[in-house]
Amino acid sequence: MNKKGWDVPTFCMETGLNEIVYSRAKNNHNSLPDVRTIISICAGLDLDISMTTELLRLAGHTLTNSREHQAYSFIITGYKGKSIYERNEFLAEINVPLLGSKQRK
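Under my numbering, residues -9 to 95 are what the sequence shown spells out, in order.
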């Protein structure tokens, strides 16, 4: 975020996550984010699969061969330069849970 010069509203817009998720990620080091939250951040930051894999590992996760995780891997590798909204359009088309906190109920 610092490298890209993002403030909190930009983070929220680019990742689809809300300010509560941002605050937890920034201030609560005891609570590790789930896979979808990490993928949302990585997609928003437009990180490559190597960096995404490393961030997942640091949070105690890995991408599995599940359909959902394969889709998340694809939107990181195949949607480089695309917005979270474009990535979510693809996920919606294949009926995979969308990224970002706004889509969660």
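Idealized CB from N, CA, C, for every residue including glycine.
DSSP-derived helix/strand/coil call for residue i
i     : result
Ile28 : helix
Ser56 : coil
Val86 : coil
Leu22 : coil
Gly34 : helix
Ile65 : helix
Boundaries (first-last residue) of the alpha helix (DSSP H) holding residue i
i       : result
Ala82   : Ile74 to Glu83
Lys70   : Here Lys70 belongs to no alpha helix (DSSP H), and DSSP marks it neither H nor E.
Ser40   : Ile39 to Leu48
Lys16   : Glu9 to Asn17
Met(-9) : Note, Met(-9): premise wrong, no alpha helix (DSSP H); not H, not E.
Among the options, the one whose alpha carbon lies nearest that of residue i
i       : options                       : result
Tyr62   : Lys72, Arg77 and Glu44        : Arg77
His51   : Val11, Pro23, Ala15 and Tyr12 : Pro23
Asn20   : Asn85, Thr67 and Leu48        : Leu48
Arg14   : Glu4, Asn(-8) and Ile28       : Ile28
Gly34   : Asn85, Arg57 and Tyr69        : Tyr69
Lys(-6) : Leu88, Asn18, Lys16 and Leu37 : Leu37
C-beta atoms of residue i and residue j nearer than 8 Å
i     : j     : result
Leu7  : Gly71 : no
Thr67 : Ile39 : yes
Thr0  : Ile74 : no
Proximity test, Cβ basis, 8 Å: residue i and chain C
i     : result
Ile28 : Of the protein chains in this structure there is only one, and it is not chain C.
Exercise for review: Examine the Cβ distances between the segment 77 to 87 and the segment 35 to 49 and report whether three or more of them are shorter than 8 Å.
Suggested key: At 8 Å Cβ cutoff, the stretches do not touch.
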